[in-house]
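Working notes, structure below.
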Amino acid sequence: MLPEEVVNVEVWGPKDRTLQPQQKVTAERDKKRSYTAVYDPATNALRQLATTEMDEILPVADGNADYVVALSDLKYSHEHWDWNSRNDAYVVSTKDGSKKLIGENIRGNIRMSPEGKYAYWFSLSDTAWFAHGIATGKTVQLTKDRKFADEDDDHPDFPRGYGSTGWTKGDALLYIYDKYDVWTVDPANPASLTRLTKGREVKKTYRFINLDPEDRGLVDPSKPQLVHLFDHTTKASGYAQWSGSTLTVLHQGDFAASPMVTKAKNTNDLLFTKTTFREYPDLMATDLSFKNIRKISNLGEQTKSYRWGTVEMVSWVSGDGVTLQGLLYKPDDFDSTKKYPMITYFYEKESDNIHNFVTPAPTASARNNYAYSVSNGYIVFVPDIVYQDGYPGPSAYSCIIPGVLKLLENPWVDRTRLGIVGHSWGGYQTAYLITKTNLFKTAVPGAPVANMTSAYGGIRWGTGLSRQAQYEHTQSRIGGTLWEKPQQYFDNSPLFYLPNVQTPALILHNDEDDAVPWYQGIELYVGLKRLGKPAWMLNYNTEKHGLRVRKNQKDWTIRMWQYLDHYLKDAPAPQWMTEGLPMIEKGVNQRLEPAAALPSGKAMR
């Protein structure tokens, strides 16, 4: 066929194993796909183990066993509305290529024990751990208690497990986690399930730290184990030592201790980092006792000449009667006799991050840089949010608004200068909230879903996956299809309530967004514009869900703060806000200069 006769057409058919956009994303990899094989030098025979139907191979015992485990999603991959991987698992002989089914429709990440005696996984659909004995051919359920699945998960889907940390020699014991503690279980005797630590009673999470990357996940119970700990009540963290049946705290405090610790190969010397909102995560050196800790880098010195700010935990009761936590960031020179503008930023749950250091930098999204905000005289409130299936918008309202109202009881919060900022899932919630309340003077929804009924049928272009699972099972939390729950899709969509909006909005949505279709931002902007509401939308051409080009990050950061400062500090509006930026001036003029002064105290409406 001649080049001029080639037609570039995509055929989306009912028997496609995956959607065409997903095939497009993986096309180059698929063209170069390789298949695991085994070579026998004694016979000079090469035997292919993987196939197009059974293309994932799990080596056993570093590839030294006479079998492998192979996975096939052939029967399930056409279900584009389900993002949970599902596989049939087989034991495949490296001697003759014969295979034996060991499990069907497994929802979970199947792995092999170090010496290859067991295939094991956390089954999402059963919320339990399982192990398959290769020699016995039997699959056993290792746990039955729901505590090994995420206790705090509030998605309409199977909760994930807390993971495992390794095995003892001979594949005798598997170490697994619940929310707080470390457990062991012998797959040959599930009744042996034993809790080692006692974190649940004190609401502390304990996790073993692997100090030897070459040990293939082996745990030697005869040796002390370094443990990372986190206190869910105080948010303190640190390190401890587990030995025998005793846990000894080595180093703990009001900081975020990194779970990544590096040990020298031939000595007990360690490197680790710890941080607070005010303290940069410089490198620390110590030994296994943690008695003598030395800071060996000093990048944090750069922060001392800046107004950095402070952070504290706050609590309130949601509209549904749930006690919630959140973070409150204040300027260094905070004065309780003054009034401060406050920005509320959120995503889902952020309070565990109270000790995280925030580097001031141009932002890639509608995300609030706490250090920059407080350094420039703002207070920032970051509330936790919990959700009810089918009601993501009302859940956000029930958690966020009572938190803001609680803070308004303090005379130093200026109730006339409240802003709200969020990106992606936070952008959706921002757009939803301004249809339900006039509490905020201005809003910045980034990459927001405005219309769940149209977003439901779209594509996540970065992966090529259908967006349906987003609403049925994951973050958007409707809990059913559009045809099963049409009212919930309608009720939770900001688009249908735009006549209620009295809050100016600055929308960020880029035309190559690979997560949220950018037409969602268009629907929000066009709707607000049609209704005569003050709204702006910024689209950085060819940028994706978050800005990647630094000059664009800098430009967005400037414009976002010009916008917020105008509404929350009475700063002059820039020309791009008052006059726009015509297409014929794009790339020529930026219009960042202040426009003609508005009357004192007046903001654009």
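Residue numbers for the sequence shown follow the working numbering, beginning at 8 and rising by one. Note that the Cβ used here is the ideal one computed from N, Cα and C, for glycine as well.
Exercise for review: Would you tell me roughly how many angstroms separate the C-alpha atoms of residue 127 and residue 222, rounded to the nearest one?
Suggested key: Reading the sequence shown from its first residue, position 120 is the one you call residue 127. Reading the sequence shown from its first residue, position 215 is the one you call residue 222. Whole-angstrom Cα-Cα distance: 19 Å.
Practice item. Could you pull the start and end residues of the alpha helix (DSSP H) that residue 565 belongs to? Key: Reading the sequence shown from its first residue, position 558 is the one you call residue 565. Per DSSP, the continuous alpha helix (DSSP H) segment holding residue 565 begins and ends at 557-576.
Review point. In the structure shown, what three-state DSSP assignment does residue 55 receive?
Key: Along the sequence shown, read from residue 1 onward, the residue named residue 55 stands at position 48. Of the three classes helix, strand and coil, the one that applies to residue 55 here is strand, per DSSP.
**Study point:** Through-space distance from residue 384 to residue 601, alpha-carbon basis
**Key:** On the sequence shown, residue 601 is found 594 positions in, with the first residue counted as 1. On the sequence shown, residue 384 is found 377 positions in, with the first residue counted as 1. Each residue's Cα considered, the two are about 21 Å apart.
Check your understanding: Among residues of its own chain, excluding the 5 on either side of residue 300, which ones have a beta-carbon nearer than 8 Å to its beta-carbon?
Key -> In the sequence shown, counting from the first residue as 1, residue 300 sits at position 293. Cβ contact annotation for residue 300 (same chain, cutoff 8 Å, sequence separation greater than five): 258, 291, 292 and 293, in chain order.
**Study point:** Where residue 319 sits in the DSSP three-state scheme
**Key:** Taking the sequence shown and counting its residues from 1, the one referred to as residue 319 is at position 312. If DSSP states are grouped into helix, strand and coil, residue 319 belongs with the strands.
Practice item. Look at the alpha carbon of residue 131 and the alpha carbon of residue 596, and state the distance between them as a whole number of angstroms. Key: Taking the sequence shown and counting its residues from 1, the one referred to as residue 131 is at position 124. Taking the sequence shown and counting its residues from 1, the one referred to as residue 596 is at position 589. The alpha-carbon separation between residue 131 and residue 596 amounts to approximately 54 Å.
**Study point:** Top-ranked residue by Cα proximity to residue 321, from 168, 307 and 359
**Key:** On the sequence shown, residue 321 is found 314 positions in, with the first residue counted as 1. The shortest C-alpha separation from residue 321 is found at 359.
**Study point:** Through-space distance from residue 274 to residue 185, alpha-carbon basis
**Key:** For the purposes of this step, residue 185 is taken as the residue at position 178 of the sequence shown. For the purposes of this step, residue 274 is taken as the residue at position 267 of the sequence shown. Cα to Cα, residue 185 sits roughly 32 Å from residue 274.
Exercise for review: From the DSSP output, in three-state form, read off residue 112 for me.
Suggested key: Taking the sequence shown and counting its residues from 1, the one referred to as residue 112 is at position 105. In the structure shown, residue 112 sits in a strand (DSSP, three-state: E or B).
Review point. Thinking C-alpha only, which one of 487, 16 and 497 is nearest residue 457?
Key: As a working note, residue 457 is residue 450 in the sequence shown. It is 497.
Review point. Should residue 269 go down as buried or exposed, given a rule of 16 or more other Cβ atoms within 10 Å for buried?
Key: Numbered from its first residue, the sequence shown carries residue 269 at position 262. So residue 269 ends up on the exposed side.
Practice item. Would you list, in sequence order, the uninterrupted alpha helix (DSSP H) runs of no fewer than 4 residues that lie entirely inside the stretch 50-105? Key: Qualifying alpha helix (DSSP H) stretches: none in this window.
Review point. The alpha helix (DSSP H) with residue 497 in it runs from where to where?
Key: Counting from one through the sequence shown, the residue named residue 497 turns up at place 490. From DSSP, the alpha helix (DSSP H) with residue 497 extends over 493-498.
Review point. Curious, which full-length beta strand (DSSP E) runs of at least 3 residues does the stretch 435-486 contain?
Key: Listed in chain order, the beta strand (DSSP E) elements of length 3 or more contained wholly in the stretch 435-486 are 449-453.
Practice item. Could you tell me which residues DSSP puts in a beta bridge with residue 259? Key: By one-based count along the sequence shown, residue 259 stands at place 252. Paired residues: 245.
Point to revise | Span separating the alpha-carbon of residue 357 from that of residue 177 | key: Position 350 of the sequence shown, counting from 1, holds the residue named residue 357. Position 170 of the sequence shown, counting from 1, holds the residue named residue 177. If I take the Cα positions, the gap works out to 41 Å.
Review point. DSSP on residue 180, reduced to helix/strand/coil?
Key: Walking along the sequence shown from the start, residue 180 turns up at place 173. It is coil, neither helix nor strand.
Review point. With contact counted as at least three CB pairs below 8 Å, one residue from each stretch, are the stretch 417-430 and the stretch 567-585 in contact?
Key: Three or more beta-carbon pairs drawn from the stretch 417-430 and the stretch 567-585 are found closer than 8 Å, and the two stretches are therefore classed as touching.
Point to revise | C-beta contact flag for residue 391 and residue 486 at 9 Å | key: On the sequence shown, residue 391 is found 384 positions in, with the first residue counted as 1. On the sequence shown, residue 486 is found 479 positions in, with the first residue counted as 1. No.
Point to revise | Residues near residue 607 in its chain [Cβ-Cβ closer than 7 Å; skip 5 each side] | key: For the purposes of this step, residue 607 is taken as the residue at position 600 of the sequence shown. Residue placement at residue 607 is flagged as unreliable, the pLDDT there being 47, under the threshold of 50; a coordinate-derived value is accordingly withheld.
Review point. Is it buried or exposed for residue 196, if we count other Cβ within 10 angstroms and need 16 for buried?
Key: What you label residue 196 is simply residue 189 of the sequence shown in a count that begins at 1. Counting Cβ neighbours within 10 Å, residue 196 comes out exposed, since fewer than 16 surround it.
Point to revise | Three-state class that DSSP yields for residue 9 in the structure shown | key: In the sequence shown, counting from the first residue as 1, residue 9 sits at position 2. For residue 9, the secondary structure class from DSSP, reduced to helix, strand or coil, is coil.
Review point. Since residue 34 is in the beta strand (DSSP E), which residue starts that stretch and which ends it?
Key: Residue numbering aside, residue 34 sits at position 27 when the sequence shown is read from its first letter. From DSSP, residue 34 is part of no beta strand (DSSP E) but of the alpha helix (DSSP H) over 27-38.
Review point. Within this structure, are the beta carbons of residue 373 and residue 433 separated by less than 9 Å?
Key: As a working mapping, residue 373 is identified with position 366 in the sequence shown. As a working mapping, residue 433 is identified with position 426 in the sequence shown. Inclusion of residue 373 and residue 433 in the CB contact set at 9 Å is warranted, their separation being smaller than that value.
Check your understanding: Do residue 401 and residue 429 have their C-beta atoms within less than 9 Å of each other?
Key -> Start at 1 with the first residue of the sequence shown, and residue 401 comes out as number 394. Start at 1 with the first residue of the sequence shown, and residue 429 comes out as number 422. No, the Cβ-Cβ distance between residue 401 and residue 429 is not below 9 Å.
Review point. Nearest to residue 19 by alpha carbon, out of 220, 11, 137 and 28?
Key: Translated into the one-based positions of the sequence shown, residue 19 becomes position 12. Nearest in C-alpha terms to residue 19, of all of 220, 11, 137 and 28, is 28.
Exercise for review: Taking all protein chains shown into account, decide if residue 599 is buried (16 or more other Cβ within 10 angstroms of its Cβ) or exposed.
Suggested key: Indexing the sequence shown from 1 puts residue 599 at position 592. With fewer than 16 Cβ atoms within 10 Å of its Cβ, residue 599 is classed as exposed.
Check your understanding: Sorted by chain position, which residues of the same chain lie with C-beta nearer than 7 Å to residue 367's C-beta, five sequence neighbours on each side aside?
Key -> For the purposes of this step, residue 367 is taken as residue 360 along the sequence shown, with counting starting at 1. Its chain contains 376, 378 and 379 as the residues whose beta carbon lies nearer than 7 Å to that of residue 367, once the 5 sequence neighbours on both sides are disregarded; these appear in chain order.
Point to revise | Check: residue 160 C-beta below 8 Å from any heavy atom of the ligand FMN | key: Here there are no bound small molecules, and the ligand FMN is not part of this structure.
Check your understanding: Expressed to the nearest angstrom, what Euclidean distance is found between the alpha-carbon atoms of residue 69 and residue 224?
Key -> Residue mapping note: residue 69 aligns to position 62 of the sequence shown, counting from 1. Residue mapping note: residue 224 aligns to position 217 of the sequence shown, counting from 1. Distance between the alpha carbons of residue 69 and residue 224: 12 Å.
Exercise for review: Just confirm the distance between the C-beta atoms of residue 162 and residue 484, as a whole number of angstroms; I'd bet it's less than 8 Å.
Suggested key: The residue labelled residue 162 in the question sits at position 155 within the sequence shown. The residue labelled residue 484 in the question sits at position 477 within the sequence shown. In this structure, residue 162 and residue 484 form a Cβ contact; the two beta carbons are roughly 6 Å apart against a cut-off of 8 Å.
Review point. Is it the case that the Cβ atoms of residue 284 and residue 362 are separated by a distance below 9 Å?
Key: Here the question's residue 284 lines up with position 277 in the sequence shown. Here the question's residue 362 lines up with position 355 in the sequence shown. Contact flag set, yes.
Check your understanding: So is residue 550 buried or exposed if we call it buried at 16+ other beta carbons inside 10 Å?
Key -> Residue 550 sits at position 543 when you count from the first residue of the sequence shown. Buried, because 16 or more other Cβ atoms sit within 10 Å of the Cβ of residue 550.
Review point. Does the separation of the CB atoms of residue 112 and residue 95 fall below 9 Å?
Key: As a working mapping, residue 112 is identified with position 105 in the sequence shown. As a working mapping, residue 95 is identified with position 88 in the sequence shown. Cβ distance < 9 Å, so residue 112 and residue 95 count as in contact.
Review point. Can residue 114 and residue 93 be called in contact, C-beta distance under 9 Å?
Key: Stepping through the sequence shown from its first residue, residue 114 is reached at position 107. Stepping through the sequence shown from its first residue, residue 93 is reached at position 86. Against a cut-off of 9 Å, the Cβ pair of residue 93 and residue 114 comes out as a contact.
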